[in-house]
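Peer 1:
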Amino acid sequence: MVEKINKNSFEKSRCLFKKIKEKIENEKYKPNVLEFEKAVQKLIEEYNTANWENRFVVGGALEILFCALLKSLGFQCKWLKEARYDIKVNGVKFSLKSNFIGSGDIRLINILGKEKASWEEPTLFFISGVGIYYADPRMNLKTKHTSDALVIEVKELKKLLNIHKEWLIQISIPRKPKNFKEIKTASFDVARSILEEINSQYLRKYISTI
Numbered sequence: 021m022v023e024k025i026n027k028n029s030f031e032k033s034r035c036l037f038k039k040i041k042e043k044i045e046n047e048k049y050k051p052n053v054l055e056f057e058k059a060v061q062k063l064i065e066e067y068n069t070a071n072w073e074n075r076f077v078v079g080g081a082l083e084i085l086f087c088a089l090l091k092s093l094g095f096q097c098k099w100l101k102e103a104r105y106d107i108k109v110n111g112v113k114f115s116l117k118s119n120f121i122g123s124g125d126i127r128l129i130n131i132l133g134k135e136k137a138s139w140e141e142p143t144l145f146f147i148s149g150v151g152i153y154y155a156d157p158r159m160n161l162k163t164k165h166t167s168d169a170l171v172i173e174v175k176e177l178k179k180l181l182n183i184h185k186e187w188l189i190q191i192s193i194p195r196k197p198k199n200f201k202e203i204k205t206a207s208f209d210v211a212r213s214i215l216e217e218i219n220s221q222y223l224r225k226y227i228s229t230i
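Position 36 of the sequence shown, counted from 1, bears residue number 56 in the working numbering, the numbering being contiguous throughout.
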C-alpha cells in the first residue's frame, strides 16, 4: 500500500506526475502523444536492445523523446545526463527506467563489488504493454541486490498498479522485436555520420563493408 505523504516523502514528484498524467491522457494532446509513440516504436525497431550497446543509446534517446513530449504539452523539461537523475520537469528531478519485454527485472542502480546502494529517486518506469508507471521509495516496493545491481521486478510494479491505478499513464510502449534479421548499432551510425560530416574522401566508401 502507498505510504501516506509526510514531510520527508515525494509530495512534489507525485503531484507533478498527476499533472503529467492528466495532460498525456487528455484528448486535446492526442496528436502529440501519438507522435511520441510512433517515435518510440521506430527507436525500438531500429535499435533493438537485444544488442547490449543499444540499451544505453535507447535509454538516452527515450529520455530525450519524453522530454520533448513534455515540453510540447507545456511543461518545462531539461535533459540532465546525471548519474541518478535523467530529466528535470518544472524543477523536479526524475529517474527514467525502461523494460521492453514487460517482465523480469529493472536495474535501478549499478553497483561494484560488495557495495550496497539504496533507491532514493522518484522514478518513471516505461514498461512494454502497459505504459508509464510512477514509483518512489516511499511506496514500500520490494527491491533486491544482485551481483552487480539494485533491481526491482516488473511484477512488483504491476502489483502496486493493480491497487493504485492513479500511478499509471496509459500510453503505448512497444515490445522489442523477437524476429529480426539484422540489428542496427548506434556506434556504426555515429561512425558513418562522422565521416559524412568531415566529407570523407577515403574511409567512407569502405564503411559499408565492415
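By construction, the Cβ of each residue, glycine as well, lies at the ideal position given by its N, Cα and C atoms.
None of the values given here were measured: they were computed from a predicted structure.
Do you know how far the Cα of S220 is from the Cα of E140?
Peer 2: Those two C-alpha atoms are separated by around 47 Å.
Peer 1: Kindly identify the DSSP beta-bridge partner or partners of S118.
Peer 2: For S118, which the question treats as bridged, DSSP gives the partners F146.
Peer 1: Report the three-state DSSP secondary structure of R212 (helix, strand or coil).
Peer 2: Residue state, collapsed to three classes: helix.
Peer 1: Any idea if E23 is buried or exposed, counting beta-carbon neighbours within 10 angstroms, 16 or more meaning buried?
Peer 2: Low per-residue confidence applies at E23: pLDDT is 41, beneath 50, and the placement is therefore not dependable enough to give any value.
Peer 1: So, is Y154 buried or exposed, given that buried needs 16 or more other C-beta atoms within 10 angstroms?
Peer 2: It is buried - the Cβ of Y154 has at least 16 other Cβ atoms within 10 Å.
Peer 1: Cα-Cα, which of F30, K38, E47, Y67 is closest to V210?
Peer 2: Checked all of F30, K38, E47, Y67; the closest Cα to V210 is Y67.
Peer 1: Going along the chain, which residues of its own chain have a beta-carbon closer than 8 Å to the beta-carbon of F114, five neighbours each way excluded?
Peer 2: S33, Y105, D106, I107, K108, E141, P142, T143, L144, listed in sequence order.
Peer 1: What I want to know is whether the C-beta of I44 ends up closer than 8 Å to one or more non-hydrogen atoms of the ligand SAH.
Peer 2: With respect to the ligand SAH, the structure offers nothing, as it holds no ligand at all.
Peer 1: Taking 6 Å as the limit between beta carbons, can you name the residues of its chain near N26, skipping five residues before and five after?
Peer 2: The pLDDT assigned to N26 is 42, lower than 50, so where the model puts this residue is not dependable, and the model offers no usable value.
Peer 1: Looking at K196: is its Cβ nearer than 9 Å to the Cβ of F120?
Peer 2: Closer than 9 Å, so yes.
Peer 1: At what residue ranges does the region 157-203 contain a whole run of the alpha helix (DSSP H), taking only runs of 4 or more?
Peer 2: The region 157-203 contains these whole alpha helix (DSSP H) runs: 174-183.
Peer 1: What is the residue span of the beta strand (DSSP E) that N130 lies within?
Peer 2: Taken as a continuous stretch (DSSP letters only), the beta strand (DSSP E) holding N130 covers 125-130.
Peer 1: Between the Cα of P242 and the Cα atoms of L54, I172, K101, C87, which residue gives the shortest distance?
Peer 2: Missing from the structure shown is residue 242; the chain here goes from 21 to 230 and no further.
Peer 1: For the beta strand (DSSP E) that G151 lies in, which residues bound it at each end?
Peer 2: Segment 151-155, the beta strand (DSSP E) holding G151.
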